[in-house]
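**Student:** Chains as they are written, first to last, in the numbering used here: chain A, 296 to 654; chain B, 680 to 984; chain C, 160 to 514.
Even glycine gets a Cβ: it sits at the ideal position worked out from N, Cα and C.
Fair warning: this is a prediction, and the values are worked out from it, not measured in the lab.
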Amino acid sequence: MRKWITGAGFALVLSMIFWCGTASAEEAAKELKVGFVYVSPVGDAGWSYAHDQGRLVIDEMEGVETAYVEKVPEGPDAERVMLNMARKDFDLVFATSFGYMDPMLKVAQRFPDVTFMHCSGFKTADNMGNYFGRMYQARYLTGMVAGAMTESNVLGFVAAFPIPEVIRGINAFALGAQAVNPDATVRVVWTKTWYDPATEKEAAKSLLDIGADVIAQHQDSPGPQEAAQEQGVYSIGYNTDMRAFAPKAHLVAAVWNWAPFYTEMVKQVRNGTWEPKAYWYGIEKGIVDISTINDIVPQEIQKQVLERKGEIVEEKFHVFSGPIRDQKGKERIAEGKTATDPEMLGMDWFVEGVVGTTE
Amino acid sequence: MTWEMLISLLAAAVQSGTPVLYATLGEIFTERSGILNLGVEGMMICGALAAFVVAQMTGSPALGFLFGGMAGLALSALHGLVCIGFNGNQVVSGLALTILGTGLANYLGTPFIGTEAPKFLAYPLPLLSRIPVIGPIFFQHNMLVYLSFLVPPLMWLFLNRTRSGLALRAAGEYPAAATAAGLSVSAFRWTGVLVGGFFAGLGGAYLTIAYTSWTTGISAGRGWIAVALVIFAFWHPGRAVLGAYLFGGVMAFQFRLQAMGTHIPSSLLLMLPYLLTVIVLVLSSRRGKGKQAPAFLGVNIEPSE
Amino acid sequence: MNQWLRITKRQERPAWRSCLVLAGAILFSLAVSAFLLAVQGRPPLRGLWLLFQGAYGSLWAIEDCLNKAVPIYLCSLGVAVAFRLQVWNIGAEGQYALGAVGATWAALSFPGLPAVFLIPAMMAVAFAAGALWGLIPAILKLRMRANEIIVTLMLNYIAILFLDYLVYGPWKDPVSFGFPMTPIFPPAAVIDRIGGTGLHWGLALCVVCGLLIWVFFRFTRLGYELKASGENVRAARYARLPYSRLVLLVMALSGALAGWAGFVEASATLNRLQPSIMVGYGYTAIVVAWLARLNPLYIGFAAFLLAGLRVGVENLQLELQVPAAFGQIMEGLILLSVLAGGFFIDYRLSLRRRS
Chain A
296 MRKWITGAGF ALVLSMIFWC GTASAEEAAK ELKVGFVYVS PVGDAGWSYA
346 HDQGRLVIDE MEGVETAYVE KVPEGPDAER VMLNMARKDF DLVFATSFGY
396 MDPMLKVAQR FPDVTFMHCS GFKTADNMGN YFGRMYQARY LTGMVAGAMT
446 ESNVLGFVAA FPIPEVIRGI NAFALGAQAV NPDATVRVVW TKTWYDPATE
496 KEAAKSLLDI GADVIAQHQD SPGPQEAAQE QGVYSIGYNT DMRAFAPKAH
546 LVAAVWNWAP FYTEMVKQVR NGTWEPKAYW YGIEKGIVDI STINDIVPQE
596 IQKQVLERKG EIVEEKFHVF SGPIRDQKGK ERIAEGKTAT DPEMLGMDWF
646 VEGVVGTTE
Chain B
680 MTWEMLISLL AAAVQSGTPV LYATLGEIFT ERSGILNLGV EGMMICGALA
730 AFVVAQMTGS PALGFLFGGM AGLALSALHG LVCIGFNGNQ VVSGLALTIL
780 GTGLANYLGT PFIGTEAPKF LAYPLPLLSR IPVIGPIFFQ HNMLVYLSFL
830 VPPLMWLFLN RTRSGLALRA AGEYPAAATA AGLSVSAFRW TGVLVGGFFA
880 GLGGAYLTIA YTSWTTGISA GRGWIAVALV IFAFWHPGRA VLGAYLFGGV
930 MAFQFRLQAM GTHIPSSLLL MLPYLLTVIV LVLSSRRGKG KQAPAFLGVN
980 IEPSE
Chain C
160 MNQWLRITKR QERPAWRSCL VLAGAILFSL AVSAFLLAVQ GRPPLRGLWL
210 LFQGAYGSLW AIEDCLNKAV PIYLCSLGVA VAFRLQVWNI GAEGQYALGA
260 VGATWAALSF PGLPAVFLIP AMMAVAFAAG ALWGLIPAIL KLRMRANEII
310 VTLMLNYIAI LFLDYLVYGP WKDPVSFGFP MTPIFPPAAV IDRIGGTGLH
360 WGLALCVVCG LLIWVFFRFT RLGYELKASG ENVRAARYAR LPYSRLVLLV
410 MALSGALAGW AGFVEASATL NRLQPSIMVG YGYTAIVVAW LARLNPLYIG
460 FAAFLLAGLR VGVENLQLEL QVPAAFGQIM EGLILLSVLA GGFFIDYRLS
510 LRRRS
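What follows is the structure in structure tokens.
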């Protein structure tokens, strides 16, 4: 009897080893291994989720295998994760948070045969490029809708952290609103959370209290949308079309769509046309866009917004074209000039008409 | 700040104080029996997930609310097992419960993110909601808020006016005397732990089926606030109400300050609720000489005969 | 249960039984974890193997674990000192934050100093800042009778927000494109690597601190009195120092050690201050201190184990796409089973004979 049990145990262990063995043999047959490093859990329905939707699309491509590691703190942990990806023969690594820039540069120098792509930074190397989307373009268009629909001329903005990406978005939103309604002002509340629905809803309510009648957000949760819906005012979504959360309030959303970009990168790396440069794509490539505009927005405004979108696509219009003054009235972008990419990447001031602090 | 804004601020305080209130009341009950359970955060988040999932599957938010409580109870049973059954350290077991609960809820909850579940909607109480000032602050919320009004007086009555309540407090204050009187201290401590866990689960459930939807990390530190408020409340259910609303109110207040265009950096404003908790705790600890923790809070009873 | 089982307190507690129980508890939690993996349709044994491989399966993995164990060890040592006196300091997280802030202040204020002066200066400021953050709850506890669990917990939030304020505001690097981080430290403010390895000298700091604490509790009268006072409050009356002095001492020491952990992280691994320095080491430290029964040597093992769990889970994610929360579940399970297992070290269970 005892022998039987030992025998069965051995068989079990052997089959396990065999199982592991076959699994790794299968992996070796794949062609291109692509790794993603995320700063938050992919389940957060926000930033990392949007990237992961892109990953899932390339995972379907012939001969492409993908993997990700989520909730990786910026700093040494990120460096270790990327090192391990390189050691495990990944061919292409995407890291999607600003703080991954320096760790990635270090790893890129140690593994020249691996292609590295960093999102939202500015450094490059022979085998490292960076990429981002011009979300501010979509923000501007949603600002136009908000500016046209407000009656109190007070727009509320629930925002996560005072970093350039968020500040740039708020500024573009304000400029869009002012383009159709010069009296519009934007009030900003910082929550210091990316995804805490209860807190973000509370922040939106405080904006409603001071008279805001359109709520926009740079948050990953639909909390602010729900607050607007309950109060019977309007809202502007972010990340994905958030209409399901607030069908009556939701006017339009500024949305991310990473799939085409990641597909293009995989193709480029495969056929050797990839270059280590800054890929900063905008609305013309569909990486950012606005969702369908709600029917309650008058047709003429919808038309105006779509016309402006066309001008941005054709590069006839630039969101940050001077003269643009900051909160204190100081001229930041002169007449006839437009903001350069480095200027936009490092934006840490609010345009005139925004009420709030950037600290 | 106008009059309307003040009323809306106070209403917001009640609204965002409610989940913390449920959890605080539960922890008061647990601690009165002599068991310290620092796992409130973990029980809340498991309650939040369970409530959301059950409400989604059955279409009944009330059933979801109940199962949220049950999830908190199930987790607290682990704490009971470790501390009452196996004589383990209560501080560490509570911490472990928070780690385990958060991990479990985030692990199992991923598929439910971004989905919808039926909710408790606002239901202004007839007549009461029309009372000026009081009405908009207290009686224009959902049923779970009204339910939370009933818990503190009932809990107070149970603890102070019933034989079982007295026995439960004896388990926390004079366990040796209670044993001598023929009471089963561990049975009452088990009751304290399970009821407390149930209420923590209810607090979490409120977040997902009355306020917003499920997401990873939804409890966002509210469980820890509840633990703090227990001491702030001196283990008294009535004062827990005050503490929970005060905390909710300060959080709501700092957002309104920002919305009105203050120039104080947001990091410093966000410190306010925590600073206030410390200050109030310090002030009230000094004055309240007679109101101390249950004498045998956190102390295990030797299991040997 | 008492109808069938008899519980008796054991007279002696041999080391082998503690080891056996510990191993049993860890095996039990591994089994539950394997079960959870199987439920999610992942191969359980391969999962556990990948976890082990990711943590300890290669030289660089072991180096990573050791580096990660350094801040956990220092925080945990601090926590253990306070726990010895039954002072429940759960504020290592905040004291760690303040230590990092203090070290950063020194590094940014005296950029011209050579390393031999700058590193000690950073250590001194970090020590003082951490100690200060530990003394606040101690003073409030003694003077105002405010519960230290709550005060240390609240001070954690306040410290983290203070760190946020600094890196989003006055200390923000002008060339960081507005991102919340201080300028990178001058080379003199960075702790060196040990020889040609990936390890840094923070590890040596751990060894020294651990030895000192061990000697303090084992061989000095004050240390002995502290331990005795913690085990029995009445014994505190016979100590040479009044209880209040003891509380101040342990909390200052506890905070200072956590502060050093912050210094090491800022200097050796991040080379700057940024919000991502806060990853919950202060809370992990409490778990570690308790797993190790407050013994400085065992804390080393426990810190290495938990660091390995955190590092190993990344491998599990990479190979099997298991969510990051899995590591937390394992951490909680290990802790709960070790706690429950402690029962079998102290007590004997035997079947009652039917009479």
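So for W330 of chain C, helix, strand or coil by DSSP?
**Tutor:** coil
**Student:** Check whether the stretch 226-237 of chain C and the stretch 457-464 of chain C touch, using three or more Cβ-Cβ pairs below 8 Å as the test.
**Tutor:** yes
**Student:** Helix, strand or coil for A634 of chain A per DSSP?
**Tutor:** A634 of chain A: coil per DSSP, three-state reduction.
**Student:** Could you say if the stretch 420-430 of chain A and the stretch 575-594 of chain A meet the contact criterion of at least three C-beta pairs nearer than 8 Å?
**Tutor:** yes
**Student:** For A444 of chain C and F746 of chain B, what's the separation of their Cα atoms in angstroms?
**Tutor:** 33 Å
**Student:** Determine the chain B residues that contact D491 of chain A at a beta-carbon separation under 7 Å, and present them in chain order.
**Tutor:** A899
**Student:** Under 8 Å, with one C-beta from each stretch per pair, do the stretch 538-550 of chain A and the stretch 484-494 of chain A reach the 3-pair mark?
**Tutor:** no
**Student:** Specify the secondary structure class of I458 of chain A as computed by DSSP and reduced to three states.
**Tutor:** coil
**Student:** If you reduce the DSSP assignment to three classes, tell me which class Q404 of chain A lands in.
**Tutor:** helix
**Student:** In three-state DSSP terms, what is Q819 of chain B?
**Tutor:** coil
**Student:** Is it buried or exposed, A324 of chain A, if we count other Cβ atoms within 10 angstroms and call 16 or more buried?
**Tutor:** Because A324 of chain A sits at a pLDDT of 45, beneath the cut-off of 50, its placement in the model cannot be relied upon, and the point is left open.
**Student:** Of all the CB atoms in chain A, is at least one closer than 8 Å to the CB of N474 of chain C?
**Tutor:** At least one chain A Cβ lies under 8 Å of N474 of chain C.
**Student:** Helix, strand or coil: which one does DSSP assign to A796 of chain B?
**Tutor:** coil
**Student:** Please confirm whether A403 of chain A has its beta-carbon closer than 8 Å to some beta-carbon of chain C.
**Tutor:** no
**Student:** Under the rule that 16 or more other beta-carbon atoms within 10 Å means buried, what is F818 of chain B, buried or exposed?
**Tutor:** buried
**Student:** Identify whether W869 of chain B lies in helix, strand or coil by the three-state DSSP scheme.
**Tutor:** helix
**Student:** Three Cβ pairs or more, each shorter than 8 Å: is that satisfied between the stretch 483-498 of chain C and the stretch 177-190 of chain C?
**Tutor:** yes
**Student:** For the candidate residues C:L225, C:R302, C:Q480, whose alpha-carbon lies nearest to that of Y200 of chain C?
**Tutor:** One detail in the question is off: residue 200 of chain C reads as Gly in this sequence, not Tyr. Comparing Cα positions, the closest option is C:Q480.
**Student:** Check the DSSP bridge columns for E360 of chain A and list the partner residues they point to.
**Tutor:** A:K328
**Student:** Cβ closer than 7 Å: which chain A residues qualify as neighbours of S435 of chain C?
**Tutor:** Residues of chain A whose Cβ lies closer than 7 Å to the Cβ of S435 of chain C are, in chain order, P368, E369, G370, G394.
**Student:** Listing by chain order, which chain C residues have their CB less than 8 Å from the CB of N379 of chain A?
**Tutor:** G213, E473, N474, L477
**Student:** For A498 of chain A, which residues in chain B fall below 7 Å Cβ to Cβ?
**Tutor:** F934
**Student:** Report the rounded CA-to-CA distance for M396 of chain A versus G416 of chain A, giving the unit in angstroms.
**Tutor:** 6 Å
**Student:** Taking the straight line between their C-alpha atoms, what separation do you get for G896 of chain B and V275 of chain C?
**Tutor:** 44 Å
**Student:** Note the first and the last residue of the continuous alpha helix (DSSP H) segment covering L218 of chain C.
**Tutor:** 218-243
**Student:** Apart from the five residues just before and just after A548 of chain A, which ones in its own chain have a Cβ nearer than 8 Å to its Cβ?
**Tutor:** T437, I531, G532, Y533, N534, T535, D536, M537, R538, I585, S586
**Student:** Can you give the Cα-Cα distance for I488 of chain C and L787 of chain B, rounded to whole angstroms?
**Tutor:** 11 Å
**Student:** On the premise that F344 of chain C lies in contact with R205 of chain C, defined as a C-beta separation below 8 Å, what is that separation, rounded to the nearest angstrom?
**Tutor:** Between F344 of chain C and R205 of chain C the Cβ distance is about 42 Å, and since that is not below 8 Å, they are no contact.
**Student:** By how many angstroms is the C-alpha of A972 of chain B removed from the C-alpha of V719 of chain B?
**Tutor:** 18 Å
**Student:** Taking the straight line between their C-alpha atoms, what separation do you get for A381 of chain A and E559 of chain A?
**Tutor:** 21 Å
**Student:** Quick check: what's the CA-CA separation for E473 of chain C versus L218 of chain C?
**Tutor:** 16 Å
**Student:** One question on the structure: do A220 of chain C and P273 of chain C come within less than 8 Å of each other, judged by their Cβ atoms?
**Tutor:** no
**Student:** Determine the extent of the alpha helix (DSSP H) in which M439 of chain A is found, giving its start and end residues.
**Tutor:** Here the alpha helix (DSSP H) through M439 of chain A covers 430-444.
**Student:** Give me the Cα-Cα distance between V481 of chain A and H942 of chain B, rounded to the nearest whole angstrom.
**Tutor:** 15 Å
**Student:** With DSSP as the reference, label Y557 of chain A as helix, strand or coil.
**Tutor:** Looking at Y557 of chain A - three-state DSSP - the assignment turns out to be helix.
**Student:** Applying the 10 Å Cβ sphere with the 16-neighbour rule, what's the burial state of R848 of chain B?
**Tutor:** buried
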